Amino acid sequence: MIFHASMPSRHPAHVARVLAEIWGGFAAPFPSFPDSWMAVAGDERGTIIETYPCDRVITPGAGSDSFMPGDAQDSSHYSAFHMAVGTPLTTEQVLAIGAREGWRTLRCTRGDNFFDVIEFWVENTTMIEILTEDMQTQYRSFATPANFRAFAATQQQA
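Spelled out as structure tokens, the structure:
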């Protein structure tokens, strides 16, 4: 279970507000990382997404020190990062939020009809898969150890 995640953004406060809207939560500054914000789901797990300025990185600390904020040496436009999050909103509501923001947002089917998601391209650079309640049911039906083993086995046969 993912309790929190962080992601880069050009406008951390705005992105946190939009993500909080998707969850029906709230956005607030994130004091642990300079100029960062967090989208707070307000659920029983304490789920948040931290939004960091895209020109900053997390770097390892020295010795037993924790991570430290740093400046990005190479800020590419896209990354391999993504995550899937649930929402109580409908597909139409999520698509409307994406349209309002001018962010690419579309409903997609993953795999061979495994489950549906809404690709929500935050600032048109970072993808978050948004799952409505119906999509969450589909996902949980697919996301079993047996199905993941079978899915991984298709790679071994290729």
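When you line the sequence shown up against the numbering used here, it's residues 153 to 310, in that order. Cβ coordinates follow ideal geometry from the N, Cα and C atoms, glycine included. Computed from a prediction, not measured in an experiment: that's the story for all the values here.
- Residue range 243–253 is occupied by the alpha helix (DSSP H) that includes Gly250.
- Rounded to the nearest angstrom, the gap between the Cα atoms of Pro183 and Leu283 is 29 Å.
- Under the three-state reduction of DSSP, Ala236 is assigned to strand.
- Secondary structure of Ile270 (DSSP, three-state): strand.
- For the set Arg197, Asp207, Gln290, Ile174, the Cα lying nearest the Cα of Phe272 is the one of Ile174.
- As the crow flies, the alpha-carbon of Pro205 is around 14 Å from that of Ala191.
- For the region 162–201, the full-length beta strand (DSSP E) segments reaching 3 residues or more read 178–182, 188–192 along the chain.
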